[in-house]
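Residue numbers (our numbering): 1 to 345.
All C-beta atoms in this analysis are idealised placements derived from N, C-alpha and C, irrespective of residue type, glycine included.
These numbers were taken from a predicted model, which means no experiment stands behind them.
Everything on this sheet refers to the single structure shown next.
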Amino acid sequence: MAGDGSSRPQGYDSLPMPQHILVTGAAGFIGAHAAAALARQGHHVTGVDNFNSYYEVQLKHDRVAALLQPLGVPCRNLDLCDAAATRALIAAGGFDTVLHLAAQAGVRHSIQAPADYIQSNLVGFANVVEACREGGIGHLMYASSSSVYGNRTDAPFRETDRVDRPASLYAATKLANELIAHTYASIHGLRSTGLRFFTVYGPWGRPDMAYFSFSRRIRAGQPITLFAQGQLLRDFTFIDDIVDAICGLLQAPAPAETARESAIFNLGHHVPVKVVDFVRTLEAALGLKARIEFGPMQPGDVPVTCADDSRLRERIGDWAHTPLDAGLGRFARWIEAWEPQPPGA
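So this is what it looks like as structure tokens:
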């Protein structure tokens, strides 16, 4: 993993017994990186994805070809909203762990297309959890989001903070996922771990994310718009750091008293950066100057995200921390190679 030479508690680096791990959303940004890392660790990994068209499908196929196929990780086309197909997959798969990263992403898109979020993030999630219960899965890890913290400024955000005031439908669905997982842990003993991701960026990322779309527009000589006058604060977290934390949580044994609880962890670095400053770092990485326009705060946006990662460090020890300039440098080199001619250039 990229990072700063982070250390682990004694025994962490010894490979545990290989598991058979199902990764949903394996053609997605985080899913493809996580599935590849787990395969490199010696686990047997199976991927599924519905290859929807929220953003260009070719990028998803390219991730599979570049990150998964060389490691022999299959990625089957499956829609988790199909309850029968989801049950059949998990019942017959012999999986030890399910890493559920499939979801309909995007805060602003949830305002325009709420039904997509109800189906993917609620119906699909419920199907996965129920299939895990029926299939006797030992551990369910699933994607949540820093969005659950809502419209607040009292950073840093802690897992024990109040989270019943989501600012978007996307955030509401992620909070619902946490509540469903808690219920299944409490009633059925399904061990679960929720991962609150904080603004993940890096190579093979999502085109709807600001850093990706900014890069395309800057490279094409087009203006970019910074909402809230560029003053929004985001706890940007490099993809390799996220994967390091996921792998650490899979390897670290849970305390016995959490067997019937759903654990929640922040995956962010407690280093928020103003978006306008983020763009300056991106300019340096690309070697290009941005044409910046400013706009008002957008519906669903929150003023700040900032993670308290104390709980994560207590569980897995120090974890990788890639500096922003290094992470954006790696992203810039990737996008220049993957897309030599940006759209609109």
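- Counting only the Cα atoms, residue 219 lies some 10 Å from residue 339.
- Under the 8 Å Cβ criterion, the region 236-243 counts as touching the region 269-286, having at least three qualifying pairs.
- For the options 152, 99, 223 and 17, the alpha carbon positioned closest to that of residue 141 is the one of 99.
- Relative to the Cα of residue 241, the nearest Cα in the group 319, 286 and 23 belongs to 319.
- Taking a C-beta distance under 9 Å as the contact criterion, residue 144 and residue 174 qualify as a contact pair.
- Assignment of residue 125 by DSSP, reduced to helix, strand and coil, places it in the helix class.
- If the five residues before and after residue 169 are omitted, its C-beta is found closer than 6 Å to the C-beta atoms of 110, 114 and 117, all from its own chain and listed in chain order.
- The region 67-76 and the region 18-32 touch, with no fewer than 3 CB-CB distances between them shorter than 8 Å.
- Scanning its chain for C-beta atoms nearer than 6 Å, with the 5 sequence neighbours on each side dropped, one finds around residue 229 the residues 294, in chain order.
- A Cβ-Cβ distance of about 43 Å is found for the pair residue 184 and residue 217, leaving them out of contact under the 8 Å criterion.
- Collapsing the DSSP output to three states places residue 266 in a strand.
- Around residue 335, the same chain offers 215 as residues with beta carbons nearer than 6 Å, after the five sequence neighbours per side are excluded.
- With respect to the 9 Å criterion, residue 201 and residue 302 are not classified as neighbours on the basis of their beta carbons.
- Relative to the Cα of residue 155, the nearest Cα in the group 120, 189 and 305 belongs to 305.
- About 16 Å separates the CB atoms of residue 35 and residue 90; that is not less than 8 Å, and the two are not in contact.
- Taking a C-beta distance under 9 Å as the contact criterion, residue 315 and residue 252 qualify as a contact pair.
- For the region 16-58, the full-length alpha helix (DSSP H) segments reaching 4 residues or more read 29-40 along the chain.
- Beta-carbon to beta-carbon, residue 121 and residue 177 are separated by about 7 Å, close enough to satisfy the 8 Å threshold.
- When the beta-carbon positions are compared, residue 233 and residue 273 come within less than 9 Å of each other.
- Cβ neighbours of residue 123 within its own chain (closer than 6 Å, five residues either side excluded): 81.
- Residue pairing by DSSP leaves residue 178 without any beta bridge partner.
- The straight-line gap separating the alpha-carbon atoms of residue 97 and residue 180 is approximately 18 Å.
- Assigned with DSSP and collapsed to three states, residue 81 falls in coil, not helix or strand.
- Inclusion of residue 159 and residue 191 in the CB contact set at 9 Å is not warranted, their separation being larger than that value.
- If you ignore the 5 residues before and after residue 151, its C-beta comes within less than 6 Å of the C-beta of 167 and 302, all in its own chain and listed in chain order.
- Here residue 321 carries a coil assignment [DSSP, helix/strand/coil].
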